[in-house]
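Working notes, beginning with the structure itself.
In our numbering, the protein residues as written are 19 to 438.
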């Protein structure tokens with residue numbers, strides 16, 4: 019059996035839950051029931067389970083290899099897992115849920131289409147749940163799936179599910195999340211993960227895998243605002259391509275067609291698209307997230323870090339940028355400090371002009387008294403850059419709305435920011 023998955027859609031999702039919400043078991047169940055693990059892997063964990071004297075096969079062992087390293091502090095990274103079904107390809111960004119790993123969650127969530135928020139049916143909505151949901155909304159993950167797990171431990175009762183759903187909705191309506199789905203499940207027994215549950219006839223919705231395969235992600239990219247950050251200028255200097263001058267990059271927004279009128283930032287010069295080239299030859303139109311080369315009718319001085327936009331729809335150009343920053347580094351943010359900043363393909367330097375407030379992630383309140391931003395803190399900050407950046411609000415475009423800050427001495431990434 020060979021799956022033809024070259025052209026299937028890719029969905030990235032992130033998982034978040036408190037300790038022992040059954041996240042590893044859920045991912046293990048998803049991989050096993052969707053036939054994404056090999057028999058020898060299954061036999062290996064079956065042997066380990068029986069050695070440990072556990073009943074049945076502990077599917078959590080599929081992902082716990084990573085967890086053991088994490089808990090000893092060897093890696094507190096994001097663990098990426100890959101699996102595919104005939105309908106879609108998936109990348110799971112598995113992130114630790116503790117508050118000291120907020121920065122990992124931000125990293126894993128930044129490219130996700132869907133966030134799975136795990137809730138233990140016995141404990142309901144806890145502080146971690148609110149924090150995970152807030153991070154998902156801050157990073158504008160378009161779809162949330164709330165997995166109410168361990169339903170077997172509350173006898174699969176509908177009341178338990180309804181109560182958690184209501185509790186969740188009382189705070190989630192304050193957050194900027196468009197699409198929330200609730201699924202009652204038992205990862206341990208397999209109810210509603212890949213196979214429909216026979217224990218919860220009262221639930222009329224779909225299983226987790228069905229939701230992941232069918233959630234509409236086509237419109238998650240911005241197809242309205244044309245943004246093309248230039249990565250490199252292509253000049254072959256050969257006889258065959260004597261006058262070829264192309265601007266290569268990955269489309270960050272909008273649909274581009276031959277003949278479109280465009281403006282180049284920061285110079286403000288205008289031109290027309292003469293041709294759109296790609297690895298597979300010339301294209302009539304191009305859209306995110308395609309990587310293409312644009313050729314223009316006019317000879318304009320363009321270099322890496324410039325941005326091509328449409329005449330009537332331009333990015334914000336400025337040197338004062340308001341961002342929500344998540345701080346990654348052990349050394350706290352230095353008010354007035356200077357950092358390198360990267361935005362799309364542009365590099366510059368910036369100064370921390372002002373810390374507006376620090377966010378208390380658990381209560382979602384703004385702390386305007388104690389504005390020290392330490393590792394894993396999130397706060398609103400005003401930056402002043404040495405060169406103009408071409409930005410959009412993060413909620414409008416996750417590519418042109420994001421920046422990272424770098425310590426120039428150590429070259430460490432110290433923060434990730436979302437443009438407000």
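Just so it is clear, CB atoms sit at the ideal spot from N, CA and C, and this is done for glycine as well.
Quantities reported herein were computed from a predicted structural model and do not represent experimental measurements.
Cα-Cα separation, residue i to residue j
i: residue 93; j: residue 285; result: Note that residue 93 has pLDDT 39, beneath the 50 cutoff, so the model's placement of it is unreliable and the number below is only indicative. Residue 93 and residue 285: Cα-Cα distance of roughly 44 Å.
i: residue 80; j: residue 312; result: 45 Å
i: residue 197; j: residue 184; result: 16 Å
i: residue 396; j: residue 431; result: 15 Å
i: residue 425; j: residue 97; result: 25 Å
i: residue 102; j: residue 400; result: 42 Å
i: residue 439; j: residue 39; result: Any question about residue 439 goes unanswered here, given that the chain covers just 19 to 438.
i: residue 68; j: residue 78; result: 14 Å
i: residue 388; j: residue 194; result: 25 Å
i: residue 347; j: residue 131; result: 26 Å
i: residue 380; j: residue 26; result: 38 Å
i: residue 276; j: residue 290; result: 8 Å
i: residue 1; j: residue 48; result: Since the first residue of the chain shown is 19 and the last is 438, residue 1 is not available in this structure.
i: residue 188; j: residue 142; result: 13 Å
i: residue 65; j: residue 50; result: 16 Å
i: residue 281; j: residue 329; result: 5 Å
i: residue 353; j: residue 316; result: 44 Å
i: residue 364; j: residue 219; result: 54 Å
i: residue 20; j: residue 72; result: Reliability of the predicted coordinates at residue 20 is poor, the pLDDT of 42 falling under 50, and no value is obtained from them.
i: residue 441; j: residue 191; result: Residue 441 lies beyond the range of the chain shown here (19 to 438); nothing can be said about it.
i: residue 106; j: residue 428; result: 40 Å
i: residue 14; j: residue 272; result: Nothing in the structure corresponds to residue 14, since the chain is present only between 19 and 438.
i: residue 156; j: residue 35; result: 17 Å
i: residue 122; j: residue 238; result: 22 Å
i: residue 119; j: residue 113; result: 8 Å
i: residue 177; j: residue 139; result: 11 Å
i: residue 416; j: residue 240; result: 9 Å
i: residue 37; j: residue 172; result: 19 Å
Identified DSSP bridge partners for residue i
i: residue 274; result: 304
i: residue 29; result: 108
i: residue 365; result: 360
i: residue 326; result: 246 and 282
i: residue 341; result: 399 and 437
i: residue 375; result: 398
i: residue 209; result: 204 and 213
Cβ pair residue i, residue j closer than 9 Å
i: residue 296; j: residue 309; result: yes
i: residue 366; j: residue 405; result: yes
i: residue 341; j: residue 436; result: yes
i: residue 205; j: residue 33; result: no
i: residue 117; j: residue 149; result: yes
i: residue 413; j: residue 338; result: no
i: residue 202; j: residue 163; result: no
i: residue 361; j: residue 301; result: no
i: residue 305; j: residue 274; result: yes
i: residue 253; j: residue 307; result: no
i: residue 255; j: residue 314; result: no
i: residue 135; j: residue 154; result: yes
i: residue 351; j: residue 390; result: yes
_Runs of alpha helix (DSSP H) lying entirely within the stretch 219–249, each at least 4 residues, in chain order_ = Qualifying alpha helix (DSSP H) stretches, in chain order: 226–232.
*Length at least 3, wholly inside the stretch 387–428: the beta strand (DSSP E) runs in chain order*: 396–409 and 420–424
*Are three or more beta carbon pairs between the stretch 367–384 and the stretch 165–184 nearer than 8 Å?*
no
*Can you list, in chain order, the stretches of the alpha helix (DSSP H) that have 4 or more residues and sit fully within the stretch 36–74?*
41–51 and 57–69
*Do the stretch 322–332 and the stretch 235–249 touch if we need at least three Cβ pairs shorter than 8 Å?*
yes
*Are the stretch 345–360 and the stretch 251–265 touching by the rule of at least three beta carbon pairs closer than 8 Å?*
no
*Specify whether the stretch 125–139 and the stretch 47–56 touch according to this definition: at least 3 beta carbon pairs, one from each stretch, less than 8 Å apart.*
no
*Going along the chain, which unbroken runs of the beta strand (DSSP E) with 3 or more residues stay wholly within the stretch 115–145?*
132–138
*Along the chain, which unbroken stretches of the beta strand (DSSP E) at least 3 residues long are found entirely within the stretch 142–205?*
161–167 and 197–202
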